[in-house]
Structures are given as C-alpha cells and as structure tokens.
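Position 115 of the sequence shown, counted from 1, bears residue number 178 in this note's numbering, the numbering being contiguous throughout. Each residue gets a CB set at the ideal place from its N, CA and C atoms; glycine is no exception. The next block holds one structure in the form of structure tokens; read it before the comments.
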Amino acid sequence: MPTATAAQRRRRAKEAYDAFLAECPTRQLLDTLSDKWMGLVLASLGEGPKRHSELARRIAGVSQKMLTQTLRTLERDGLVSRTVTPTVPVRVDYELTPLGRDLAPVMVAIKTWAEAHMDEVRAARTAYDEGQPA
C-alpha cells in the first residue's frame, strides 16, 4: 500500500470534514454556531415557532438588527425557516427546520450547562485573576 503525502492526507481529511484542518468548511459553521445570539435563538426556537418580536422579548439585549442578521444566517444555513402570512400587518414566523431541530438540544444543553456552572466559573475566574490556583 503506497504511503500518502501530507498534501493527500490533508485533501482526504478536508473531504471528510475535519474541523482541525484550516481549510475545512466546517470551521465557518463552527464560528457561526459559537455566536451567543445563534445559540440563544436556536434554544428559544426549540420551544416552538416564534415571531421576530417574540424572539426579541425572549432574548434580552439583542438588537433588532442583530436578531435579523442572526435569523437570516440561520435561514441561509438551513436551520430556520421563515413563513410569511399575508395579513395586515404581515405576519412572519420563524421555526426550526429538521436540521435545526437536530441541533437545538445541543444548544439547549450548552445553555443549561452554563446556567448550572456559572458560580463555579466565576469563582475560577476570580481565583485566576487574583493569581491563585482554581
């Protein structure tokens, strides 16, 4: 069996979506998913379909512009669908696609973990900032 060159190994790994490689397209997706607004929008939509205003109320601190950009990115990535109902005023609902529903439990788990362990993280940060081992 011939030995593969480093370039061949990188190409094969890229084809298999190895996020540890710089050229791998999954890195862009990981960047997107690691955004705080993405996680909160996905977790909120995991509770069921919502209108833009409902999401804005549910996710404190998100600007209208940032929420709109986040929803567009999630829609582009196939994680969220947007349904326009022609009423007066126009009604727009957002909900998770099957792909988004597959990802939502992961995002909810991260949010839940952060909420459950924030006191420990804060204590570790304080100890680190004071020069003490955690």
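Assigned with DSSP and collapsed to three states, residue 142 falls in coil, not helix or strand. Secondary structure note for residue 157: it is in no alpha helix (DSSP H), and the uninterrupted beta strand (DSSP E) holding it is 154-159.
With fewer than 16 neighbouring CB atoms inside 10 Å of its own CB, residue 85 falls in the exposed class.
Residue 157 sits buried, since 16 or more C-beta atoms from the chains shown fall within 10 Å of its C-beta. The residue from 180, 117 and 93 with its alpha-carbon nearest to that of residue 154 is 117. Look at residue 147 here: in three-state DSSP terms it is strand.
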